[in-house]
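To keep things clear, I will list the structure first and then write my remarks on it.
As structure tokens, this is what we get:
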């Protein structure tokens, strides 16, 4: 049986809370928060559908957030890093090249959802915009800085860990604001939902 020394125990504890690693507590929290957003969006979609209101875009957002939750656990975006990096020979702020395809998809989604966003109640709309800005600033903006620093100095240093921690915190705060906006929208708009209905995902 393997017996860990004091250093091994501390390393395991650090890994469990490390924002720059996957399969630990921060990853589980982020994935759960994104999944919760997806479920709330499905609820709103169901309410709109049963009241014969526009619901396809709400359902589309729900699937997007479920995908992001899966991505957080399985690291799909990180698996795109090396192929995209080699394809475009990226460097500097584009060193972590996975956000090139993700950035393009984001711009497409912004175009598709622009009218939907403008139809939202003013307070909800601004909360959506704020949450999206905070999340993307962390996921792409600060991530690009961490990639730039990684290329120059590597990952095994305090500055890199600080950058990654700030990045993940921005992502978490962005999702938290989004969940608040969804709950506020539900409380202001939806009086009663029968969650026993099997039509929620239909």
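In my numbering, the protein residues as written are 1308 to 1509.
Glycine included, each C-beta is placed from N, C-alpha and C at the ideal position.
Predicted model only: the values in this text are computed from it and were never measured.
State buried or exposed for residue i, treating a residue as buried only when at least 16 other CB atoms are found within 10 Å of its CB.
i	result
residue 1494	exposed
residue 1421	exposed
residue 1417	exposed
residue 1398	exposed
residue 1492	buried
residue 1507	Any answer about residue 1507 is weak, because its pLDDT of 46 lies below 50 and its placement is not dependable; what the coordinates show is given next. Buried is the call here.
residue 1287	In the structure as shown, the chain begins at 1308 and stops at 1509. Residue 1287 is therefore absent and cannot be evaluated.
residue 1435	buried
residue 1465	exposed
residue 1361	exposed
residue 1351	buried
residue 1475	buried
residue 1354	buried
residue 1394	exposed
residue 1459	exposed
residue 1433	exposed
residue 1489	buried
residue 1415	exposed
By alpha-carbon positions, which one of the options ends up nearest to residue i?
i	options	result
residue 1375	1434, 1443, 1363 and 1463	1443
residue 1338	1378, 1363 and 1358	1378
residue 1404	1415, 1392, 1414 and 1411	1392
residue 1487	1447, 1415, 1348 and 1334	1348
residue 1477	1441, 1469, 1484 and 1466	1441
residue 1401	1333, 1446 and 1353	1446
residue 1481	1415, 1351, 1373 and 1437	1437
residue 1470	1360, 1423 and 1448	1448
residue 1386	1406, 1333, 1472 and 1489	1406
residue 1336	1432, 1479 and 1359	1479
residue 1423	1468, 1463 and 1363	1363
residue 1496	1459, 1462 and 1358	1358
residue 1419	1365, 1388, 1334 and 1461	1365
residue 1484	1388, 1356, 1431 and 1333	1431
Checklist entry - Touch check for the region 1369 to 1382 and the region 1424 to 1435: three-plus C-beta pairs under 8 Å? => result no
Item to check | Segment contact, 8 Å Cβ cut-off, at least three pairs: the region 1342 to 1350 with the region 1362 to 1370 | outcome: Proximity of the region 1342 to 1350 to the region 1362 to 1370 meets the contact definition, three or more beta-carbon pairs being nearer than 8 Å.
Item to check | alpha helix (DSSP H) runs wholly inside the region 1324 to 1368, at least 4 long, in chain order | outcome: 1332 to 1357
Next on the checklist: Which complete alpha helix (DSSP H) runs does the region 1398 to 1457 hold, if anything under 4 residues is left out?
Outcome noted: 1406 to 1426 and 1429 to 1443
Checklist entry - Counting pairs of Cβ atoms below 8 Å between the region 1450 to 1459 and the region 1410 to 1418, do you hit three or more? => result No, they do not touch.
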